[in-house]
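S.K.:
Numbering (the numbering used here), first residue to last: 17 to 181.
(1) Indicate, with yes or no, if the ligand ATP has a heavy atom lying under 7 angstroms from the CB of residue 157.
(2) Below 7 angstroms CB to CB, which residues in the same chain sit around residue 171 once its five sequence neighbours on both sides are set aside?
(3) How is residue 104 classed by DSSP in three states: helix, strand or coil?
(4) Tell me the rounded alpha-carbon separation between residue 75 and residue 131.
(5) If you measure from the beta carbon of residue 93 to each beta carbon in chain C, is any gap under 8 angstroms?
(6) Going along the chain, which residues of its own chain have a beta-carbon closer than 6 angstroms to the beta-carbon of residue 138, five neighbours each way excluded?
(7) Near residue 91, what residues of its chain come up, given a Cβ to Cβ distance below 6 angstroms and the 5 sequence neighbours on each side ignored?
(8) What residue does the beta strand (DSSP E) around residue 121 start on, and which one ends it?
Structure below.
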């Protein structure tokens, strides 16, 4: 009985240690370089929801995000741009149309002394979205979900860019 209890506790611990020792990480987990451990985040054209979502994504990488300049913190300036929607297809007979939604995220990264770590770059995400004129309420909710997904994809893309620095 005692051996069984020890094995049940010891085996998962040893398995976890072995996996972490070989460099295994769960899918979707990332970490930024150590010099990006403290980030002074400057956002332009972000809503509070968008700012919080970006902060959360950066925090999940192990970075400490500050709203004010801090000693040793790199400065990450980020701008989110809404590109006007573009109608791709419209059908009068079915009452449906397809729009292309595009979002752009521009960023620049400087060290604590103001030296450029990463030049200005612009990341783009787009997705086509079907609109049903007969069900505008559902279409509006679906559109908002698509926009939120585009923004999250941009934040993940930004983090992948920062990992390469």
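No residue lacks a Cβ here, since even glycine has one placed at the ideal position from N, Cα and C.
M.R.: The structure says:
(1) Ligands are entirely absent from the displayed structure, and the ligand ATP is therefore not among its contents.
(2) Cβ within range, chain order: 69, 70 and 73.
(3) Note: residue 104 maps to strand in three-state DSSP.
(4) Their Cα atoms are separated by approximately 23 angstroms.
(5) Here there is only one protein chain, and chain C is not present.
(6) If we look at residue 138 and ignore the five residues flanking it on each side, its Cβ neighbours are 120 and 122.
(7) Around residue 91: 56 and 126.
(8) It spans 112-126 - the beta strand (DSSP E) in which residue 121 sits, taken as one unbroken run.
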